[in-house]
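Single-structure report; data block below.
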Amino acid sequence: MYASQSIIAALALPLSGALFCLVLPRSHHVLKTIVGVSAVELLLALNIWAAVLGPKGFVTAADQWFYIDAFSSFHIVVLTLVFALSSAFASIYFTHEADDLVFTTSIARRFGVLWLGAQTAMLLVLMSNNLGIMWVGMEATTLLTAFLISLHPSRLSLEAMWKYLIICSVGIAFAFMGTLLAAASIQSDGGIGADALFWTKLASAEAHLDPTLMKFAFVFVLVGYGTKAGLAPIHSWLPDAHSQAPAPVSAMFSGFLLNTALYCIMRFATPVRQALGQDFASGLLIVFGTLSILVAAGFIVFQRDAKRLLAYHSVEHMGIITLGYALGPLGSFAALFHTLNHSVCKSLAFFAVGRLGQRYGSHEMHTIAGALRADRLWGVSLLISLLALIGVAPFSIFMSEYQLLRAAIGAGAWLTLFLFLAASAVVFVSALRHMINMVFGTASRHDRGGRDGKLAVPIVVAAAGLLIVLGVWMPLPFYHALSSAAAVLAVRP
Amino acid sequence: MSPLIETIHAVGLLTCFALLATSRIGACIRWLSFQGILFGMVPLIVHDDGLTARAMLLAGGNIALKGIVFPWLLLGLRARADFNREVQPFVSFVMSILCGILILALSVWLTQEMKPALAKAPFVMLDSSIFLIFIGLFLMISRRNALMQVIGFLVLENGIFVFGVITVVGTPLLVELGVLLDAFVGVFVMGIAIYHITREFGSMDVDRLTELRG
Chain A
7 MYASQSIIAA
17 LALPLSGALF
27 CLVLPRSHHV
37 LKTIVGVSAV
47 ELLLALNIWA
57 AVLGPKGFVT
67 AADQWFYIDA
77 FSSFHIVVLT
87 LVFALSSAFA
97 SIYFTHEADD
107 LVFTTSIARR
117 FGVLWLGAQT
127 AMLLVLMSNN
137 LGIMWVGMEA
147 TTLLTAFLIS
157 LHPSRLSLEA
167 MWKYLIICSV
177 GIAFAFMGTL
187 LAAASIQSDG
197 GIGADALFWT
207 KLASAEAHLD
217 PTLMKFAFVF
227 VLVGYGTKAG
237 LAPIHSWLPD
247 AHSQAPAPVS
257 AMFSGFLLNT
267 ALYCIMRFAT
277 PVRQALGQDF
287 ASGLLIVFGT
297 LSILVAAGFI
307 VFQRDAKRLL
317 AYHSVEHMGI
327 ITLGYALGPL
337 GSFAALFHTL
347 NHSVCKSLAF
357 FAVGRLGQRY
367 GSHEMHTIAG
377 ALRADRLWGV
387 SLLISLLALI
397 GVAPFSIFMS
407 EYQLLRAAIG
417 AGAWLTLFLF
427 LAASAVVFVS
437 ALRHMINMVF
447 GTASRHDRGG
457 RDGKLAVPIV
467 VAAAGLLIVL
477 GVWMPLPFYH
487 ALSSAAAVLA
497 VRP
Chain B
24 MSPLIETIHA
34 VGLLTCFALL
44 ATSRIGACIR
54 WLSFQGILFG
64 MVPLIVHDDG
74 LTARAMLLAG
84 GNIALKGIVF
94 PWLLLGLRAR
104 ADFNREVQPF
114 VSFVMSILCG
124 ILILALSVWL
134 TQEMKPALAK
144 APFVMLDSSI
154 FLIFIGLFLM
164 ISRRNALMQV
174 IGFLVLENGI
184 FVFGVITVVG
194 TPLLVELGVL
204 LDAFVGVFVM
214 GIAIYHITRE
224 FGSMDVDRLT
234 ELRG
């Protein structure tokens, strides 16, 4: 009900919240505002999701400029979930910053504006029907999130921010080239209307697209948005940015910013498959996906910094999701399921490492030893999230990776399957080695830390609960939601 | 219309080589401003349907931003770093020019490859746009000064702008304005970033940004 209004409200609320943050007098007011806004956003997203899953199958607003189907509504729900969890965590995290990183009112205002602004921009990307506006939203996320990395300017965070800004700006510029080429590919067929860049138009069977231009377009889009999604070999900004940003920001980066970029690639993939057949797009996706998994596995072995470790895990999991999208309908289903699992799991992992890092005063893995004894709540969170990340059985990531294996076998992609399994084995062993010391080792020097506040336990229970429940039981409505989202990506005859 | 396009093409190539060979940042910024104004005029002359309000708005916006606002912002930033106003290339100026010639050959070849699919686009402008994109990338990776990375990015942006104007006629104005706004905010954000970097590191050299690795 009122789904169109929900779309407008979901965009207007964080935008006005961002402006509201500018005038708030105290830092804890800002934190309360972002928690409130993101909780309401989650409800709006669920409302939109319910409407999309109804008989009509999509929701539009503003004369089709906003168009949401099962695929985008699923991403919107994951986005708002990650934001709700990370906002709640931010309200804990920033009250315990070290002395040289005091969360002053001006920093808090800056954080609030950029945080809610980034949420608006990402929602714009997911809701927009126009590929041009989608690009504008994507570029806006880069510009808004750059200063979240260097919220506390230091040599390291400025270096990470500068690399992120420059590499992603170039990437996004390439994606714009791709968007232009896609637009040009319609044009060579005659007239171009105001709705020409609507992906609903491009993906429909009536669009006669120029195959050569679409081929160029997809390569540019894949490299361009792939930079932002952290696909190897163009992931080099990612570990720096993730390790230097404050933990809630890293959680948001890993938990959803990367998925936003992957979403854009998949929006282009459908018309490309329409124009060129399955093989071209799927082949490229398989190459980038597999390469990301392999490169990440190589770097995970040698990591010493806990946040960099998690960052390389993100590269790995983005590779896995990309691979899934290349492996037919079953693969797309697995990829979407994996998107939710990875986002929730990675957020929880960054929360745990962030809080533990504050208590131990470092993110070096040999310093964070014996976390389970030092801090019960976040030690357990770290244990659960790391086990889930490497694909241990009762957790949902195991299930989505298992479905992915089935899809790979079904598609007969044996080489990919072998490389994926080999890399997973490397990741499993080396991450386990890192984890055992961090979680079970003898506790090293740490401070007592402050109280975590009322929100800490609900955050952990929600995230860990989701990982465990979805690992053993998939509710039927959720199954249908994922299936219809995967069906959106299928090529219509 | 064609002679004017060819003039823009030729002068545009010269601005790129000037950027490759200039050692003073202030001079580079002025070349960039000139290039922005030059290519900002492309929407006015490339299509046969005369001076529409849309083309005027697009050209005006681009000339104002890339010819005046951005150079002004960049010159302001340069003034903060009065201790070093050279671009400090990783690749020497002579080598840069040679690379520029190679890139020119590459862009002509790529243009010939793409031309059949883009029948309407004038060849010289397509060549300009691809050349600008590559030169922009080359400037970004071959210069040590952070301002030169912004300048390189803007050269790349010019190339993409020209490409868009000649290949796509009917993109909605809303999208184009969004793109302009993003470019504006982008340069602004990079400017603030350089300001912070200069304050923290006492220099705009990006080769000091090497502590994060692995």
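Those sequence lines, one after another, are chains A and B.
Residue numbers in the first sequence follow my numbering, run continuously in steps of one, and reach 499 at the last position.
Residue numbers in the second sequence follow my numbering, run continuously in steps of one, and reach 237 at the last position.
We put the beta carbon where it would ideally sit given N, CA and C, even for glycine.
Because the structure is a prediction, the values reported are computed rather than measured.
Worksheet item: Whose C-alpha, out of A/N135, A/F222 and A/I82, is nearest the C-alpha of A/D69?
Response: Minimum Cα distance to A/D69 is reached at A/N135.
Worksheet item: Does the beta carbon of B/G201 sit closer than 9 angstroms to a beta carbon anywhere in chain A?
Response: Under the Cβ criterion of 9 angstroms, B/G201 is counted among the residues facing chain A.
Practice prompt. Find the residues of chain B that neighbour A/M371, judging by a C-beta separation of less than 8 angstroms, and give them in chain order.
Written response: The premise fails here: A/M371 is roughly 13 angstroms from chain B at the closest Cβ pair, so nothing lies under 8 angstroms.
Worksheet item: If you measure from the beta carbon of B/T38 to each beta carbon in chain A, is any gap under 9 angstroms?
Response: For B/T38, not one C-beta of chain A is nearer than 9 angstroms to its own C-beta.
Worksheet entry | DSSP state of A/Y73 mapped onto helix, strand, coil | If DSSP states are grouped into helix, strand and coil, A/Y73 belongs with the strands.
Worksheet entry | Where B/M118 falls, given that 16 or more other Cβ within 10 Å makes a residue buried | With fewer than 16 other Cβ atoms within 10 Å, it is exposed.
Discussion item. Suppose you measure from the CA of B/L149 to the CA of A/V463; what does that come to, to the nearest Å?
Written reply: In a straight line, the C-alpha of B/L149 is about 59 angstroms away from that of A/V463.
Item to complete: Run down chain B in chain order and give the residues with a C-beta less than 7 angstroms from the C-beta of A/L164.
Response: Ordered by position in chain B, the residues that pass the 7 angstroms Cβ test against A/L164 are H219, I220 and E223.
Discussion item. Let me check understanding here. Comparing Cα to Cα, which of A/A493, A/V321 and A/E145 lies closest to A/L244?
Written reply: When each option's Cα is compared against that of A/L244, the closest is A/V321.
Worksheet item: Helix, strand or coil: which one does DSSP assign to B/R166?
Response: DSSP places B/R166 in strand when its eight states are reduced to three.
Worksheet item: Would DSSP call B/P112 helix, strand or coil?
Response: Of the three classes helix, strand and coil, the one that applies to B/P112 here is strand, per DSSP.
Discussion item. Rounded to the nearest angstrom, what separates A/A375 and A/S450 at their Cα positions?
Written reply: Approximately 6 angstroms between the Cα atoms of the pair.
Worksheet item: CB-CB under 8 angstroms to A/L85, same chain, minus the five flanking residues each way: which ones, in chain order?
Response: Correct list, in chain order: A51, Q125, M128, L129, L132, F262, N265 and T266.
Worksheet item: Which residues of chain B have a Cβ atom closer than 9 angstroms to the Cβ of A/T218, listed in chain order?
Response: Here the neighbours are M137, P139 and A140.
Worksheet item: So, using beta-carbon positions, are A/V227 and A/I192 closer together than 9 angstroms?
Response: Going by C-beta atoms, A/V227 is not nearer than 9 angstroms to A/I192.
Discussion item. I'd like to confirm the pairing. Which residues does DSSP put opposite B/D228 in its beta bridges?
Written reply: Answer is B/N168.
Discussion item. Which of the three DSSP states is assigned to A/D246 in this structure?
Written reply: Annotated three-state conformation of A/D246 is helix, per DSSP.
Discussion item. Just to check my reading of the structure: A/Y170 and A/A146 have Cβ atoms closer than 8 angstroms, yes? What is that Cβ distance to the nearest angstrom?
Written reply: Not really, about 14 angstroms apart at Cβ, beyond 8 angstroms.
Practice prompt. Can you tell me which of the three DSSP states A/S134 falls into?
Written response: Reduced to three states, the DSSP call for A/S134 is strand.
Fill in: Cβ contact (3+ pairs, closer than 8 angstroms) linking the segment 88-101 of chain A and the segment 251-258 of chain A
The segment 88-101 of chain A is in contact with the segment 251-258 of chain A.
Worksheet item: Of the residues A/D75, A/S79, A/L28 and A/P61, which one's Cα is nearest the Cα of A/L48?
Response: Closest option to A/L48, Cα to Cα, is A/S79.
Fill in: chain A contact for B/F176 (CB, 9 angstroms cutoff)
Interface residue, yes.
Worksheet item: If we cut at 9 angstroms on Cβ distances, does A/M167 have a partner in chain B?
Response: Yes, A/M167 lies at the interface with chain B (some Cβ there is under 9 angstroms from its Cβ).
Discussion item. Rounded to whole angstroms, what is the Cα-Cα separation between A/F305 and B/E199?
Written reply: Near 40 angstroms, if we compare the C-alpha coordinates of B/E199 and A/F305.
Discussion item. Taking the alpha carbon of A/V88 as the reference point, which residue from A/L495, A/P481, A/V466 and A/V475 has its own alpha carbon closest?
Written reply: Closest option to A/V88, Cα to Cα, is A/V466.
Fill in: For A/F343 and A/P400, the rounded distance between their alpha carbons
Rounded to whole angstroms, A/P400 to A/F343 spans 15 angstroms at the Cα level.
Discussion item. Using 8 angstroms as the cut-off, can you tell me whether the segment 399-413 of chain A makes contact with the segment 271-288 of chain A, which would need three or more C-beta pairs spanning the two stretches below that distance?
Written reply: Judged by Cβ distances under 8 angstroms, the segment 399-413 of chain A makes no contact with the segment 271-288 of chain A, as fewer than three pairs qualify.
Worksheet item: By DSSP, does B/V191 sit in helix, in strand, or in coil?
Response: Coil.
Worksheet entry | Beta-ladder partner(s) of A/D311, from DSSP | Answer is A/E370, bridged to A/D311.
Discussion item. Just to confirm before moving on: does the CB-CB distance between B/R53 and B/V110 stay below 9 angstroms?
Written reply: In this structure, B/V110 does not lie closer than 9 angstroms to B/R53 by Cβ.
Practice prompt. Ignoring anything shorter than 3 residues or poking outside the segment 81-154 of chain A, list the beta strand (DSSP E) runs there in chain order.
Written response: The segment 81-154 of chain A contains no whole beta strand (DSSP E) run of 3 or more residues.
Practice prompt. Return helix, strand or coil for A/A419, following the three-state DSSP convention.
Written response: Assignment of A/A419 by DSSP, reduced to helix, strand and coil, places it in the coil class.
Practice prompt. Would you kindly work out how many angstroms separate the C-alpha atoms of B/Q223 and A/W141, rounded to a whole number?
Written response: At residue 223 of chain B the sequence reads Glu, which differs from the Gln that was named. Here the alpha carbon of B/E223 sits roughly 33 angstroms from the alpha carbon of A/W141.
Worksheet item: Does the beta-carbon distance from A/I13 to A/F72 come in below 9 angstroms?
Response: Contact: yes.
Worksheet entry | Distance between A/G289 and B/V131 (C-alpha atoms, nearest Å) | Taking the Cα positions, B/V131 is about 29 angstroms away from A/G289.
Worksheet item: Is the Cβ of B/Q58 closer than 9 angstroms to any Cβ of chain A?
Response: Taking 9 angstroms as the CB threshold, B/Q58 stays off the interface with chain A.
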